[in-house]
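Student: So for the sequence shown, my numbering puts the first residue at 148; every next one is plus one.
Think of the CB as a built atom: it goes at the ideal place given N, C-alpha and C, for glycine as much as any other residue.
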Amino acid sequence: MPVYLDHNATAPVRPEALAAMTAALNQVGNASSVHRYGRDARRRVEDAREAVAGLIGVRPGDLVFTSGGTEANNTALRGHGQARTLVSAGEHEAVLQARADAETIELTPAGTVDLDALDAALAADRRPALVSVMLANNETGAINPVDRVVEIARKHGARVHCDAVQAPGKIAVDAQALGVDLLTVSGHKLGGPQGAGALAVLDGRPLTPLVTGGGQERKQRAGTENVPAIAGFGAAAAAAQADLDRIAGLAAWRDRLEAQARALCPQVQIHGAPAPRLPNTSCLGLPGVRAETQVMALDLAGVAVSSGAACSSGKVHASHVLRAMGVAEADAESAIRVSLGWTSAAADVDAFLDAWARLVRKHGLAADAA
Ligand code: PLP
Numbered sequence: 148m149p150v151y152l153d154h155n156a157t158a159p160v161r162p163e164a165l166a167a168m169t170a171a172l173n174q175v176g177n178a179s180s181v182h183r184y185g186r187d188a189r190r191r192v193e194d195a196r197e198a199v200a201g202l203i204g205v206r207p208g209d210l211v212f213t214s215g216g217t218e219a220n221n222t223a224l225r226g227h228g229q230a231r232t233l234v235s236a237g238e239h240e241a242v243l244q245a246r247a248d249a250e251t252i253e254l255t256p257a258g259t260v261d262l263d264a265l266d267a268a269l270a271a272d273r274r275p276a277l278v279s280v281m282l283a284n285n286e287t288g289a290i291n292p293v294d295r296v297v298e299i300a301r302k303h304g305a306r307v308h309c310d311a312v313q314a315p316g317k318i319a320v321d322a323q324a325l326g327v328d329l330l331t332v333s334g335h336k337l338g339g340p341q342g343a344g345a346l347a348v349l350d351g352r353p354l355t356p357l358v359t360g361g362g363q364e365r366k367q368r369a370g371t372e373n374v375p376a377i378a379g380f381g382a383a384a385a386a387a388q389a390d391l392d393r394i395a396g397l398a399a400w401r402d403r404l405e406a407q408a409r410a411l412c413p414q415v416q417i418h419g420a421p422a423p424r425l426p427n428t429s430c431l432g433l434p435g436v437r438a439e440t441q442v443m444a445l446d447l448a449g450v451a452v453s454s455g456a457a458c459s460s461g462k463v464h465a466s467h468v469l470r471a472m473g474v475a476e477a478d479a480e481s482a483i484r485v486s487l488g489w490t491s492a493a494a495d496v497d498a499f500l501d502a503w504a505r506l507v508r509k510h511g512l513a514a515d516a517a
C-alpha cells in the first residue's frame, strides 16, 4: 500500500467533496442565470459559501471565491491600495512573488515572524501599510501569533492579510477572533478539489480586482463561478470541520515519529519544533543527505513526502523558510517535510520510520552504527 504523507502539498479528495462535485457536474446551470437551473447552481455556490465561512469564522458575505490560494493572495497583495506592503520572510511564494516592492520582516529561529522587527518597521515609516503574515507555515507547520501581529498593526493603523491556506481543517480557525482584515483559504489542502479557494474580506473595504469582466463575486472576481469546484470545496470544508478533533490527534503520531527518528539518529534536526505547530507537520533534517536523495529513496519504498515547499517542486535551492530561520544552507538542503492528514493511519508512521531507518543506516548515520 502506498503511504501518502504529503498533505501539505495537497490532500486526497474527501468522499463528500467528490459527491458534491459529481452532483454539480451532472446538473447544467450558470449561477448567474435566473431560471431553475441557474438557481440550482447558485444554491450550490451559496451552500459552499456558508460551509467555508463557517470553517474560518467569517460571514458568508465576506467570502470571494477564487481559483485557489495563489489567486486569493495575489488579489489581497496587489489590490489593497496601501502605500506599503510588509510580508514575513516565511511566506509562501504566492505572497512573496505577488509584489516586487514588498518589505520583508525576518523570522525568529523557531520559524515565526519577529514581532519586534514588525513593530520597528511599521514605526519607521508612517505611510499606510498592509501587513501579510501567514497563519501556519507550509514547510515547518509553525503557527504565527497572528493575534499579536494584528495588535501591532492596529497600533500603527495598518491593514492585515493572513494567508491561512495551511490551517483550516488542521486547527480551528476563527478569522474574526484573530482580528485580520483579509484571509486566504484553499480547497485542496483540506480535501476539496485543486483550483478552488477564497479570500475573506472582513473589513468590507473593496480591493482592486485582478480579473475584471462580469460582476460575479460582488465585482471582486469576474468570471462564471466554477460551480463543481466550489461545491466540492464547500463539502470538504464541512467534512473537515466535523473531523477537527480527530485531526488534532495526529499530533501524537507526529510526536512519536519525531521521537523515534531522534532515537534512531540523534543528529536529526526538527525544524520549527520550538514554535507552536500544526498537529500534522514535521520538517526533518538529516545532515549530509540531500533532500532530493531522501525523497527519492522514500518514494522507492512507497512513501510520499516532499522536500522544501512542494508547491515549487523541482527547485534545487535550499528552502527560503529554513534560511530565514537561520538554518545553514547545507542543513536546509537536507530537510524533508512529512505531513499527515485525514487519510493517515498509525501504520503510515511505521512505514515511514522503516523506510527512513534504512536510509539512515545506508548513510551510516544510525545511532547503533558504530
Ligand atoms: N499559501 C500557502 C501557505 C500554501 O501552502 C500554498 C500551497 O501550497 C498556497 C498559498 C497556494 O495555494 P493554491 O495551491 O491553492 O494556489
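Going by CA-CA distance only, name the one from Glu238, Ala389 and Gly258 that's closest to Asp251.
Tutor: Asp is not the amino acid found at residue 251; the sequence shown has Thr there. The residue with the shortest Cα to Cα distance from Thr251 is Glu238.
Student: Enumerated in chain order, which unbroken segments of the alpha helix (DSSP H) with a length of 4 residues or greater are wholly contained in the stretch 349-397?
Tutor: Taking only runs of at least 4 residues, the alpha helix (DSSP H) segments lying wholly in the stretch 349-397 are 374-389 and 391-395.
Student: With distances taken between CB atoms, is the gap from Arg437 to Glu476 smaller than 8 Å?
Tutor: For Arg437 and Glu476, no; Cβs fall outside 8 Å.
Student: Give the C-beta separation of Val199 and Gly381 to the nearest angstrom, bearing in mind that I take them to be a contact with Cβ-Cβ under 8 Å.
Tutor: Confirmed, about 6 Å.
Student: For Ile203, report the span of its alpha helix (DSSP H) as first-last.
Tutor: From DSSP, the alpha helix (DSSP H) with Ile203 extends over Arg183 to Ile203.
Student: Output needed for Gly488: all residues of its chain with C-beta closer than 7 Å, excluding positions within five of it in sequence on either side, in chain order.
Tutor: Correct list, in chain order: His154, Ala158 and Asn427.
Student: Comparing C-alpha positions only, which one of Ala267, Val297, Ala270 and Val496 sits nearest to Ser279?
Tutor: The candidate whose alpha carbon is nearest that of Ser279 is Val297.
Student: Start and end of the beta strand (DSSP E) containing Thr331?
Tutor: Unbroken beta strand (DSSP E) run through Thr331: Leu329 to Ser333.
Student: Quick one: residues in its chain with C-beta nearer than 6 Å to the C-beta of Ala494, no 5 flanking neighbours on either side, listed in chain order?
Tutor: Hits under 6 Å: none found.
Student: Just reading off the beta strand (DSSP E) that Ala268 is part of, what are its end residues?
Tutor: Note, Ala268: premise wrong, no beta strand (DSSP E); alpha helix (DSSP H) at Leu262 to Ala271.
Student: Within the same chain, show all residues whose beta-carbon is closer than 7 Å to that of Glu439, passing over the 5 residues directly before and after it, in chain order.
Tutor: Closer than 7 Å at the Cβ level, and outside the excluded window around Glu439, lie Ser454.
Student: If we count the other Cβ atoms within 10 Å of its Cβ and call it buried at 16 or more, is Gln414 buried or exposed?
Tutor: By the neighbour-count rule (16 or more Cβ atoms within 10 Å), Gln414 is not buried but exposed.
Student: If you follow the beta strand (DSSP E) that Ala276 is in, where does it begin and where does it stop?
Tutor: Ala276 to Ser279 is the span of the beta strand (DSSP E), which, as asked, contains Ala276.
Student: State the start and end residues of the unbroken alpha helix (DSSP H) segment that holds Val507.
Tutor: Element bounds for Val507: Ala493 to Lys509.
Student: Could you name the residues of the same chain whose beta carbon sits closer than 8 Å to that of Val205, not counting the 5 residues immediately before and after it, in chain order?
Tutor: Result list for Val205: Ala322, Gln323, Leu330, Ala347 and Leu349, in chain order.
Student: Can Gly342 and Ala164 be called in contact, C-beta distance under 8 Å?
Tutor: In this structure, Ala164 does not lie closer than 8 Å to Gly342 by Cβ.
Student: So what does DSSP say about Leu445, is it helix, strand or coil?
Tutor: Correct three-state label for Leu445: helix.
Student: With the cut-off set at 8 Å, would you say Asp272 and Arg231 are in Cβ contact?
Tutor: Closer than 8 Å, so yes.
Student: Can you grab the Cα-Cα spacing for the pair Asp446 / Tyr184, in whole Å?
Tutor: Asp446 and Tyr184: Cα-Cα distance of roughly 46 Å.
Student: Which of the three DSSP states, helix, strand or coil, is assigned to Ala527?
Tutor: Here the chain covers residues 148 to 517 and nothing more, so residue 527 does not appear.
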